[in-house]
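*Asks:* Handing you this structure, nothing more for now.
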Amino acid sequence: MKWLSNWDCVGSAMPWYRLAFTSDVIADLAPLEKEFAQRLFDKTKWLASNVANLRHEASAPDLPGVAKYAVGEWRIFYSVDRDDHLLTVHGILHRKDLV
């Protein structure tokens, strides 16, 4: 009998994507309470671990390849490079600050 490794099973042990942040993200999180900023940061790690399981909603027609994910009143804007297994976070903004 052949034992299946995690890589033999569909949907299990999916590799995490690496995370990268633009310099704007630090500025976006700086004024927030530490606990809430940590919650948003943790959500970016969750996104990186679930890239294959999510439907990535386009943020705007004029920003091809940039998706958004809602966390309460906040939006995480990111792009996915499937070849390099990289999720880049471009910004984390409150809904009221979106133009």
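By numbering that gives the first Met the number 0, the letter at position 36 of the sequence shown is numbered 35, and the numbering carries on one by one without gaps. All residues carry an ideal CB built from backbone N, CA and C; glycine is no exception.
(1) List the endpoints of the continuous alpha helix (DSSP H) containing V24.
(2) Among K95, A66 and D61, which residue has its Cα nearest to the Cα of E72?
(3) Using three-state DSSP, classify R17 as helix, strand or coil.
(4) If you reduce the DSSP assignment to three classes, tell me which class L85 lands in.
(5) Indicate the three-state DSSP secondary structure (helix, strand or coil) for S58 in the structure shown.
(6) Start and end of the beta strand (DSSP E) containing D80?
(7) Measuring straight from C-alpha to C-alpha, what distance separates K67 and R54?
(8) Who are V65's beta bridge partners in DSSP?
(9) Is the CB-CB distance between V70 and L39 below 8 Å?
(10) My understanding is that L46 touches I75, with C-beta atoms under 8 Å, so please give their C-beta distance in whole angstroms.
*Replies:* Inspection of the coordinates gives the following:
(1) Within the sequence shown, numbered from 1, the residue matching residue 24 stands at position 25. S22 to L28 is the span of the alpha helix (DSSP H), which, as asked, contains V24.
(2) Here the question's residue 72 lines up with position 73 in the sequence shown. Considering only alpha carbons, the answer is K95.
(3) Taking the sequence shown and counting its residues from 1, the one referred to as residue 17 is at position 18. Strand, per DSSP.
(4) Working through the sequence shown from its first residue, we reach residue 85 at position 86. Strand, per DSSP.
(5) Taking the first residue of the sequence shown as 1, we reach residue 58 at position 59. Of the three classes helix, strand and coil, the one that applies to S58 here is coil, per DSSP.
(6) Sequence index remark: in the sequence shown, residue 80 carries index 81 (1-based). Segment W73 to D80, the beta strand (DSSP E) holding D80.
(7) Taking the sequence shown and counting its residues from 1, the one referred to as residue 67 is at position 68. Taking the sequence shown and counting its residues from 1, the one referred to as residue 54 is at position 55. Taking the straight line joining both Cα atoms gives about 10 Å.
(8) Start at 1 with the first residue of the sequence shown, and residue 65 comes out as number 66. Answer by DSSP bridge pairing: none, since V65 is not bridged.
(9) Reading the sequence shown from its first residue, position 71 is the one you call residue 70. Reading the sequence shown from its first residue, position 40 is the one you call residue 39. A contact, by the Cβ cut-off of 8 Å.
(10) Position 47 of the sequence shown, counting from 1, holds the residue named residue 46. Position 76 of the sequence shown, counting from 1, holds the residue named residue 75. Yes, L46 and I75 are in contact; Cβ-Cβ is about 7 Å, under 8 Å.
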